[in-house]
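Visitor: Under the working numbering, the residues of the sequence shown are numbered 8 to 268, in order. Quick reminder that beta carbons are idealized off the backbone N, C-alpha and C, glycines included. All values derive from a computational prediction rather than experimental measurement.
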Amino acid sequence: MKLPIYQLDAFTDVAFKGNPAAVCVLDEWLNDKILQSIAAENNLSETAFFIATGDKYELRWFTPTCEVDLCGHATLAAAEVVLNILETEKDFITFFSKFSGDLTVKKAGKWLEMNFPSRPPEKIEVPHNLNKALGKPFKEVMCSRDMLVLFEKEEDIIELTPDFNEIAKLNTLGVIVTAPGNNDIDFVSRFFCPQAGILEDPVTGSAHCTLIPYWSNKLNKTKLIARQVSNRGGLLKCELINDRVSISGQVICYLKGEIYI
8 MKLPIYQLDA FTDVAFKGNP AAVCVLDEWL NDKILQSIAA ENNLSETAFF IATGDKYELR
68 WFTPTCEVDL CGHATLAAAE VVLNILETEK DFITFFSKFS GDLTVKKAGK WLEMNFPSRP
128 PEKIEVPHNL NKALGKPFKE VMCSRDMLVL FEKEEDIIEL TPDFNEIAKL NTLGVIVTAP
188 GNNDIDFVSR FFCPQAGILE DPVTGSAHCT LIPYWSNKLN KTKLIARQVS NRGGLLKCEL
248 INDRVSISGQ VICYLKGEIY I
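1. Quick check on the DSSP output: the alpha helix (DSSP H) that includes W222 runs from which residue to which?
2. Grab me the residues of V252's own chain with a C-beta within less than 6 angstroms of its C-beta, minus the 5 sequence neighbours each way, in chain order.
3. Kindly identify the DSSP beta-bridge partner or partners of S196.
4. Can you name the residues that DSSP bridges to I254?
5. In whole angstroms, give me the CA-to-CA distance for C150 and M8.
6. Taking DSSP as the reference, what is the three-state secondary structure of T95?
7. Out of T229, M154, A85, N189, which one is the CA nearest neighbour of L180?
8. For E70, which residues from the same chain have a beta carbon less than 7 angstroms from its beta carbon, with the 5 sequence-adjacent residues on both sides left out?
9. CB-CB under 6 angstroms to E94, same chain, minus the five flanking residues each way: which ones, in chain order?
10. So, at 6 angstroms on beta carbons, what are the nonlocal neighbours of I266 in its own chain, with the 5 sequence-adjacent residues on each side left out?
11. If you draw a straight line from the C-alpha of I268 to the C-alpha of C31, how long is it?
12. Give me the Cα-Cα distance between D98 and I232, rounded to the nearest whole angstrom.
13. Mind checking who V30 pairs with in its DSSP beta bridge?
14. Would P187 and E161 be called neighbours here (beta carbons separated by less than 9 angstroms)?
15. Does the beta-carbon of P201 have 16 or more other beta-carbons within 10 angstroms, so that it is buried, or is it exposed?
16. Closest by CA to G264, which one among S255, V75, V88?
17. Excluding the 5 residues preceding and the 5 following W36 in the sequence, name in chain order all residues of the same chain whose CB lies nearer than 7 angstroms to its CB.
18. CA-CA distance, V210 and G61?
19. Quick check: the region 163 to 182 against the region 100 to 120, are there 3 or more CB pairs under 8 angstroms?
20. DSSP on I266, reduced to helix/strand/coil?
21. May I ask which residues mark the beginning and end of the alpha helix (DSSP H) holding F171?
22. Between D193 and the rest of its own chain, which residues show a CB-CB distance below 7 angstroms, the 5 nearest in sequence each way excluded?
23. Going by the beta-carbon positions, is the gap between A115 and A29 smaller than 9 angstroms?
24. In three-state terms, what does DSSP make of I100?
25. Exposed or buried, H80, counting other C-beta atoms within 10 Å across all chains shown (16 or more means buried)?
This is the structure we're talking about:
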């Protein structure tokens, strides 16, 4: 069996930046063990698989070690494959995820705009090992799917050298660290997820489902510009729309090929 595969850099307009994701186009679902093996072989933070079902595309995401309930950069990459490679006459598509419902993506000039669920965080007690895990004083701790930790300034986020063994002990899928941004950037972030086989994710769309409502409330504005300040880095246009969030980014196609099963 031959399957088409694409590798794309999401949330960037230049190659070798942003977050790389693999996208596999399927005619029908394969066994979950095969999907997981493909994701492990790709060894990227996420591999997206989709099939066309009527007027929608059913979408799933796998890290090298597990399936996840939502992934922004791999959804953006999958939308790039559909809208700008396979079906260029379309301007709008709807993905369906059994975990996260309908996820729409539309063209917006050179950008793709995703509509995702909002996941506002709530305050929690500070985990006993969080100071050791992050190694730098923080101001606030909250949680939705992922733990969100607020720091004072952008430089704090850039300078963090986390202890991934300690982070893996936390009762959360991932840890978002965030602070106000400099210049024209409203906020910055990084995302650590050793629990899912990803020490640091370069640019994390799903984390912004929590970051957008948090910073919208904190800054009293609904439209925001965000940067994830990992080594690869990425830029996101964000908006809070009631109980949904809009996350926009650009995508570069790096590789097109076939895999053999």
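Guide: The structure says:
1. 215 to 226
2. The beta carbon of V252 sits closer than 6 angstroms to the beta carbons of F123, S125, C216, I219 from its chain, once the five residues preceding and following it are set aside; these are given in chain order.
3. In DSSP, S196 forms a bridge with T185, Q235.
4. M121, C245
5. Taking the straight line from one Cα to the other gives about 43 angstroms.
6. Correct three-state label for T95: coil.
7. M154
8. It should be noted that the sequence gives Thr, not Glu, for residue 70. Correct list, in chain order: A46, S52, E53, A203, G204, I205.
9. none
10. L10, I12
11. 12 angstroms
12. 23 angstroms
13. Y13, A55
14. yes
15. buried
16. V88
17. I58
18. 31 angstroms
19. Verdict: no, contact absent.
20. strand
21. For F171, the uninterrupted alpha helix (DSSP H) segment begins and ends at 171 to 174.
22. A distance below 7 angstroms between beta-carbons, with the five flanking residues on each side excluded, links D193 to the following residues of its chain, in chain order: W222, L226, L231, I232, A233.
23. no
24. Strand.
25. buried
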